Each structure stands twice: as structure tokens, then as C-alpha cells.
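**Q** Take a look at the following structure, please.
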Amino acid sequence: MKIKDLDDIIRKVPLSKRLKACQIESYDRIGANSPIILSNESHSNRPSNYELELIAFRSIINSPCENYRERKSNWLFEATKLLRNNDFFNAENISTDEIFSRILFLQMEPQINYNILYYRYNYFFNFESEQLDMKEEFFNKFGVNYKSFVNLSFFTLAFAQSLKDDSFNYALELILDDEDKIALKCITSTPDKLLEKHEELVSRLSESRNEFFDLNLLSQFPIVDYMNQRFIPYIPYIPYACTRSLMFRLTENNDALRQKIGKSVLENYLEYLVMKSEVTNKFRHIKEFKYSKNNKDSSDLMIHSDDELIFIEAKLFNQSLKLRSLEVEEITKSHERVSDAIVQILRNIVDMKNGEMNEYLSVFELNKTYGIVVLYDEFYFNNNETYQLAYRKSKEKGYDFTKKQIEDMIKIYSLTMLENNLNIYGGHIFQLLKGLEMKSPVSRLLNFEAVCKSLISHDEEEIKKRVTKNKVMIK
Numbered sequence: 089m090k091i092k093d094l095d096d097i098i099r100k101v102p103l104s105k106r107l108k109a110c111q112i113e114s115y116d117r118i119g120a121n122s123p124i125i126l127s128n129e130s131h132s133n134r135p136s137n138y139e140l141e142l143i144a145f146r147s148i149i150n151s152p153c154e155n156y157r158e159r160k161s162n163w164l165f166e167a168t169k170l171l172r173n174n175d176f177f178n179a180e181n182i183s184t185d186e187i188f189s190r191i192l193f194l195q196m197e198p199q200i201n202y203n204i205l206y207y208r209y210n211y212f213f214n215f216e217s218e219q220l221d222m223k224e225e226f227f228n229k230f231g232v233n234y235k236s237f238v239n240l241s242f243f244t245l246a247f248a249q250s251l252k253d254d255s256f257n258y259a260l261e262l263i264l265d266d267e268d269k270i271a272l273k274c275i276t277s278t279p280d281k282l283l284e285k286h287e288e289l290v291s292r293l294s295e296s297r298n299e300f301f302d303l304n305l306l307s308q309f310p311i312v313d314y315m316n317q318r319f320i321p322y323i324p325y326i327p328y329a330c331t332r333s334l335m336f337r338l339t340e341n342n343d344a345l346r347q348k349i350g351k352s353v354l355e356n357y358l359e360y361l362v363m364k365s366e367v368t369n370k371f372r373h374i375k376e377f378k379y380s381k382n383n384k385d386s387s388d389l390m391i392h393s394d395d396e397l398i399f400i401e402a403k404l405f406n407q408s409l410k411l412r413s414l415e416v417e418e419i420t421k422s423h424e425r426v427s428d429a430i431v432q433i434l435r436n437i438v439d440m441k442n443g444e445m446n447e448y449l450s451v452f453e454l455n456k457t458y459g460i461v462v463l464y465d466e467f468y469f470n471n472n473e474t475y476q477l478a479y480r481k482s483k484e485k486g487y488d489f490t491k492k493q494i495e496d497m498i499k500i501y502s503l504t505m506l507e508n509n510l511n512i513y514g515g516h517i518f519q520l521l522k523g524l525e526m527k528s529p530v531s532r533l534l535n536f537e538a539v540c541k542s543l544i545s546h547d548e549e550e551i552k553k554r555v556t557k558n559k560v561m562i563k
């Protein structure tokens, strides 16, 4: 099967009808409580999240249809059936691991916790220090404060029901204030601009790329302006575009800023998360320092109790387009970078044992010393290869660790995985690493939901006031 087969079905339908059909279909996929996720009924005739994302984006970058005639059949069902009945993975040419990686790279988490996203990026985009003022960086890029994006996301989801009829555009104009409308403009695009951007991105990839796994620009610009109407072909992209996507856009083609954010913002956020999860008030943290005559770097952050110690390495890696296409060279680079972080922790452990850190750290028992490599992006490749590479590098440096010891001591976590575990289980970081049952006083848990509610400047009463002020009821 070729992408042209899917496009041939899509082109038979006017663009406005494509956008509206995808919008209505995606309504049932909003958040963890969506009907599709919670229902026990079979939804085999409806597109999966990935299928709907793909159909929505191909609908936009395909030219409007010609000689349209009303069709009796359901074109969305036809497109879904085509994807289901064909091997668009080209499975005979790639391994199971590669198929798995492709699905995970491109499938938006169907049960993504919006509160955690708001919580994280509220910290990121409001961070201020002597080295970096994220509020200023953010405002200079987008022309508005981050809170307006939170408001926009909240309102859009709150009025999602109106997306099933024609009142959504009117609802937004009524509810959003002037600053919120600037945020709205930032995540809105037109079919022509999306097509132009898509072609520019494609030009940077190899001809052998699999078009079924192209970057979906709706994750950055989920609102499509077409024929004086706003459409949201895939509604679950709204919170993503108002959080994670903004970080990508802020740092795009700006490696210097990305490095500053990694050193200042991400490391401070990790420290905040870990210390916030602590329940006994016995944890202490030590930030990065230089040690020994050779002026070596310690890990980015160290957390210790009286008898346990964690070395933490934080990495703000952005996935390259070539990585999403599973080009071997880029995958190898990813394994190299993560394995280097593991070896950095191993070096710290060895130097601690040799007394080189005595000025900063007392010596901890090896079985009570841990490490975490925290990655900003998800790492969907086989960790076994990463650990094998780290083991080989450690041997080259003369370290006496087995591969099993390295795997047991040092974990690879995505930032999302760490947030979810500390939030859901409520335990502190040492319990998490040791796989112990986590039971902590509720008052000390990371309460993402409570914090997120405080971010929203307009509650239901405020919405009512705005509607009343305009003397219009939204049905």
C-alpha cells in the first residue's frame, strides 16, 4: 500500500467536510475520560488515534477535490478500512522493534494527563534566574504570557461540545480576551501554510522515508483557518500545542537557548519534583560541582538521605526529523548520548568510592547508590542496546561493573515517566528506584491538579460573567 491510496479516498471529499468529519470523530478522544477509552464496547469500525491523526493531516495537505458528488458511503470508514487491511509498516523490511518504535513515536498518548503538562510548562515558562529569564524569552517569541495558552486550552476543551455544531467559532470570540486571542493566533494556521511547512520539512529527509510516519504539524497548529471558519481536525492536540509544542517552537534552531534551558530550567525542575515528593524531610540535594585536580564535572544533581544517594543526569534532547524516520545513524547517535550519560554517572560513583568527592559527598554503600538518566523526550528504542554500549564504554575506562549491575543501579526515565510515577504513587524517589510499594501522606503528594486549577484565570463563574456581559447564550 502507498500513501497515494489513502490520498485518493481523501481527495474525493471537499476539504471543509474532511475537517469537520475528523473534528467530530476526535471529540470522543479528549483526555483520560474519553468515551472511546472508557467504553467496553468494540470500536473496530472507528479509526484509532493514530489512524485519525494521519487521516486528519493528509486531509489538509491534499488539494481540494474536483467534481464533487455527494457520496453514499462513509469516506472516513473507507480510509480507516484501507489502513487496517494493508501493511503500511512495510513489515517485511523492518524489525518488530522498529515497528514498535514507530507506533510509539507518532501515537499521541491517548490517556495523557493534561494537568501534568500544564504543571510542567507553567514551571518552565515562568522560570527566572540570574542566568535565564524564561518569561522574557517566552514573551519575546509569542507576544503573550504563557497563562493565555493555558486559558485557551481550557476554554477550547470546555466548549468542545460546540465543535459538533457551528457555534464553536462564536464561542471562542465571546469568551477569549485580547491576550487569549493572541495565543489562539499562535496555534492557528491555514491549509496552504501547513502544506508549505510540510514540504519544507520533507525536503530535509531521505527519499526512502515512510510517508505514513511524517511529522504531523497539527501538533503545533491544531486549529485550521479555512473559508472563514476554524476547524480542529484532531482535538486532543490542543493541550499538546499549548504546552510541549511551545517548547519545541521556542528552541527551534536555537541550540544556545536549548542548552541554557537544559542546564537551568530542567535541572531545577527535577530538583523541585524530587524534593517535593519527599515525605520524611531528610533528603538533601547538591547541585553540580567541579572536583579533583582535573576539575571534573559531577552529575547535574545529587539527592541523598543519611545512607542512600542518587546521581541524576538531565538531558534536554529534541528528537530530530531523521530520528522520527528511524534513520540508523540518528538512532545510533541517540544510543550514544544516553550511554554517555550512564557512563558519566558510573564515573561519579567510582570517583566517590576513591575518595575524590570527599569534600562534597561522604562515601555511600554501592548497593545504596543509584543513578537516573532523565530524558526530556520519550526514548522508544531498545534499552538493551543502550546498556550494552554503556557497558563497553565503562570497560574501556577500566570500571569493574557488569552489565547487570549497571542496569540495576542506573535507570533511564523520560521526564513524563518520572512525573507520572511520583504523582500516581506518591512515593519518594528512592522508593521508586527500588520498586517498593509507595504509600505516603496524601498532603505531601505532588498535587498536579490543584496547581493547574490555580493556573486557570477564569473559572466557570468567570465564563458565565463573560457570556452575561455579552448578553448572548451559547447553546
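Under this note's numbering, the first residue of the sequence shown is numbered 89, with each subsequent residue one higher. Beta carbons are placed, not taken as given, at the ideal position from N, Cα and C, and that holds for glycine. Model, not experiment: these values are computed from the prediction.
Candidates E216, R435, V353: which alpha carbon is nearest K384's?
**A** If you number the sequence shown from 1, residue 384 lands on position 296. Ranking the options by Cα distance to K384, first place goes to R435.
**Q** Note down, in chain order, each residue of its chain lying with its Cβ closer than 7 Å to the Cβ of K92, except the 5 sequence neighbours on either side.
**A** As a working mapping, residue 92 is identified with position 4 in the sequence shown. Within the same chain, K92 has no close Cβ partners at all.
**Q** Under 8 Å by Cβ, that's how I've got K108 and F377 pegged, so tell me the actual separation to the nearest angstrom.
**A** Mapped onto the sequence shown, residue 108 falls at position 20. Mapped onto the sequence shown, residue 377 falls at position 289. Not confirmed; about 58 Å, so no contact.
**Q** What residues match up with Y314 in a beta bridge as DSSP calls it?
**A** Walking along the sequence shown from the start, residue 314 turns up at place 226. DSSP, once it has assigned bridges, lists Q317 as partnering Y314.
**Q** Please report how far the alpha carbon of S147 lies from the alpha carbon of K375, in whole angstroms.
**A** Translated into positions along the sequence shown, residue 147 becomes position 59. Translated into positions along the sequence shown, residue 375 becomes position 287. About 49 Å.
**Q** Quick one: grab the DSSP three-state call for F247.
**A** The residue labelled residue 247 in the question sits at position 159 within the sequence shown. Three-state DSSP puts F247 in coil, outside helix and strand.
**Q** How many whole angstroms separate the CB atoms of L564 and L289, which I take to be in contact at a CB cut-off of 8 Å?
**A** Residue 564 is absent from the structure shown; the chain starts at 89 and stops at 563.
**Q** Mind checking F496: buried by the 16 CB within 10 Å criterion, or exposed?
**A** Indexing the sequence shown from 1 puts residue 496 at position 408. Here the sequence assigns Asp to residue 496, which means Phe is not the residue at that position. When all chains shown are included, D496 counts as exposed.
**Q** Inspect the CB distances between the stretch 471-491 and the stretch 439-448 and report whether three or more fall short of 8 Å.
**A** Touching, no, given that fewer than three Cβ pairs across the two stretches are closer than 8 Å.
**Q** Helix, strand or coil for M445? Go by DSSP, reduced to three states.
**A** By 1-based counting over the sequence shown, the position of residue 445 is 357. M445 falls in the coil class under three-state DSSP.
**Q** Which value, in whole angstroms, describes the spacing of the CA atoms of F165 and S241?
**A** In the sequence shown, counting from the first residue as 1, residue 165 sits at position 77. In the sequence shown, counting from the first residue as 1, residue 241 sits at position 153. Going by the C-alpha atoms only, they are around 29 Å apart.
**Q** What is the rounded straight-line gap between the Cα of V431 and the Cα of I149?
**A** Position 343 of the sequence shown, counted from the start, is the residue given in the question as residue 431. Position 61 of the sequence shown, counted from the start, is the residue given in the question as residue 149. Their Cα atoms are separated by approximately 44 Å.
**Q** Which residue comes first and which comes last in the beta strand (DSSP E) that contains E401?
**A** By 1-based counting over the sequence shown, the position of residue 401 is 313. 397-403 is the extent of the beta strand (DSSP E) around E401.
**Q** Excluding five sequence neighbours on each side, which residues of the same chain lie with their C-beta closer than 6 Å to the C-beta of F247?
**A** Within the sequence shown, numbered from 1, the residue matching residue 247 stands at position 159. Around F247: A259.
**Q** What span of residues does the alpha helix (DSSP H) with V290 cover, start to end?
**A** Here residue 290 refers to the residue found at position 202 of the sequence shown. Looking at the DSSP string, the run of the alpha helix (DSSP H) that includes V290 is 279-290.
**Q** Given F230, which residues of its chain have a CB within under 6 Å of its CB, disregarding the five upstream and five downstream residues?
**A** Residue 230 sits at position 142 when you count from the first residue of the sequence shown. C274.
**Q** Taking only three categories from DSSP, how would you classify E525?
**A** If you number the sequence shown from 1, residue 525 lands on position 437. With a pLDDT of 41 at E525, under the threshold of 50, the predicted position of this residue should be treated as unreliable, though the coordinate-derived value follows. E525 falls in the coil class under three-state DSSP.
**Q** In this structure, does DSSP put K364 in helix, strand or coil?
**A** In the sequence shown, residue 364 corresponds to position 276, counting from 1. Of the three classes helix, strand and coil, the one that applies to K364 here is helix, per DSSP.
**Q** Give the DSSP bridge partners of H373, in chain order.
**A** Here residue 373 refers to the residue found at position 285 of the sequence shown. DSSP output for H373 lists I391 as bridge partner(s).
**Q** Pick out whichever of I433, T168, Y328 has its Cα sitting closest to the Cα of L573.
**A** Absent from the structure is residue 573, since the part of the chain shown begins at 89 and ends at 563.
**Q** Quick check on the burial criterion: 16 or more other C-beta atoms within 10 angstroms. Buried or exposed for M315?
**A** For the purposes of this step, residue 315 is identified with residue 227 of the sequence shown, where counting begins at 1. Per the 10 Å Cβ criterion, exposed.
**Q** In this structure, how does DSSP classify D116 when only helix, strand and coil are distinguished?
**A** As a working mapping, residue 116 is identified with position 28 in the sequence shown. Helix.
**Q** Going by DSSP, what residue range makes up the beta strand (DSSP E) through I460?
**A** Translated into the one-based positions of the sequence shown, residue 460 becomes position 372. Unbroken beta strand (DSSP E) run through I460: 457-463.
**Q** In its own chain, which residues sit with a C-beta less than 7 Å from the C-beta of D388, not counting the 5 before and 5 after it?
**A** By 1-based counting over the sequence shown, the position of residue 388 is 300. Contacts found: E355, E376, I400, E401, A402.
**Q** With burial defined as no fewer than 16 other Cβ atoms inside 10 Å of the residue's Cβ, what is the status of T278: buried or exposed?
**A** As a first step, residue 278 is located in the sequence shown; it is residue number 190 there, counting from the start. The residue is exposed, with fewer than 16 neighbouring Cβ atoms inside 10 Å.
**Q** Just curious, the alpha helix (DSSP H) that I148 is in, first and last residue?
**A** Residue numbering aside, residue 148 sits at position 60 when the sequence shown is read from its first letter. Per DSSP, I148 belongs to the alpha helix (DSSP H) from 137-149.
**Q** Can you tell me the Cβ-Cβ gap for Y501 and I460, rounded? I've got them flagged as a contact below 8 Å.
**A** Residue mapping note: residue 501 aligns to position 413 of the sequence shown, counting from 1. Residue mapping note: residue 460 aligns to position 372 of the sequence shown, counting from 1. Their Cβ separation, rounded to whole angstroms, is 6 Å, which keeps Y501 and I460 in contact under 8 Å.
**Q** Could you tell me the boundaries of the alpha helix (DSSP H) in which K499 lies?
**A** Locating residue 499 in the sequence shown gives position 411, counting from the first residue. From DSSP, K499 is part of no alpha helix (DSSP H) but of the beta strand (DSSP E) over 498-502.
**Q** Compute the distance between the beta-carbons of Y322 and E141, then report whether it is under 7 Å.
**A** Taking the sequence shown and counting its residues from 1, one reaches residue 322 at position 234. Taking the sequence shown and counting its residues from 1, one reaches residue 141 at position 53. Yes, the Cβ-Cβ distance between Y322 and E141 is below 7 Å.
**Q** Return the Cβ separation of Y448 and Y379 in integer angstroms, given the expectation that the two are a contact with Cβ distance under 8 Å.
**A** As a working mapping, residue 448 is identified with position 360 in the sequence shown. As a working mapping, residue 379 is identified with position 291 in the sequence shown. That belief holds up - the Cβ atoms of Y448 and Y379 are roughly 6 Å apart, short of 8 Å.
**Q** Spell out the partners DSSP gives Y379 in its beta bridges.
**A** Along the sequence shown, read from residue 1 onward, the residue named residue 379 stands at position 291. Answer by DSSP bridge pairing, in chain order: K384.
**Q** Could you compute how far the alpha carbon of V238 sits from the alpha carbon of E113?
**A** Numbered from 1 along the sequence shown, position 150 holds the residue referred to as residue 238. Numbered from 1 along the sequence shown, position 25 holds the residue referred to as residue 113. The straight-line gap from Cα to Cα measures roughly 24 Å.
**Q** Let me know if S291 comes out buried or exposed under the rule of 16 or more other beta-carbons within 10 Å of its beta-carbon.
**A** On the sequence shown, residue 291 is found 203 positions in, with the first residue counted as 1. Counting Cβ neighbours within 10 Å, S291 comes out exposed, since fewer than 16 surround it.
**Q** So, are the CB atoms of T457 and L404 less than 7 Å apart?
**A** In the sequence shown, the residue the question calls residue 457 occupies position 369. In the sequence shown, the residue the question calls residue 404 occupies position 316. No.
**Q** Does DSSP put T276 in a helix, in a strand, or in coil?
**A** Working through the sequence shown from its first residue, we reach residue 276 at position 188. It is a strand residue.
**Q** Quick check: what's the CA-CA separation for F213 versus R337?
**A** Translated into positions along the sequence shown, residue 213 becomes position 125. Translated into positions along the sequence shown, residue 337 becomes position 249. Looking at the two C-alpha atoms, the distance is approximately 13 Å.
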